[in-house]
Amino acid sequence: MQNFESPQDEQLWQLAKKRASFKKSVISYVLVNCFLVGVWFFTDTTYFWPKWCMLGWGIGLFLQYINAYNCNTFFSVEEEYQKLKQN
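In this text, residue positions in the sequence shown follow my numbering: the first is 6, and each later residue adds one.
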């Protein structure tokens, strides 16, 4: 259990964990899909079936990226609280 001096420290810790998890997921995505392309290349190159794995996993990876890097305030409770407080 981490001891945080402020709620912002805990939020930063959670964001750092999300970003580190995303980076690990990207590495897994690249390695596994390279392996699948290799299997495809050395077996039957008539139909590129790894595209389905790349597409499905890629959509999930994109959503993980948005969660870790872009939309930190879009679904933020604090952001909504500040908007309501101003009204």
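Each residue gets a CB set at the ideal place from its N, CA and C atoms; glycine is no exception.
Taking DSSP as the reference, what is the three-state secondary structure of residue i?
| i | result |
| --- | --- |
| residue 70 | helix |
| residue 146 | The requested residue 146 does not occur in the structure, where the chain is confined to residues 6 to 92. |
| residue 54 | coil |
| residue 92 | coil |
Just to confirm, are residue i and residue j a CB contact at a threshold of 8 Å?
| i | j | result |
| --- | --- | --- |
| residue 72 | residue 23 | yes |
| residue 27 | residue 69 | yes |
| residue 66 | residue 31 | yes |
Beta-carbon within less than 7 Å of residue i's beta-carbon, same chain only, minus the 5 sequence neighbours each way: which residues are those?
| i | result |
| --- | --- |
| residue 41 | 55 and 58 |
| residue 86 | none |
Skipping 5 residues on each side, what residues in its chain have a beta carbon closer than 8 Å to that of residue i?
| i | result |
| --- | --- |
| residue 75 | none |
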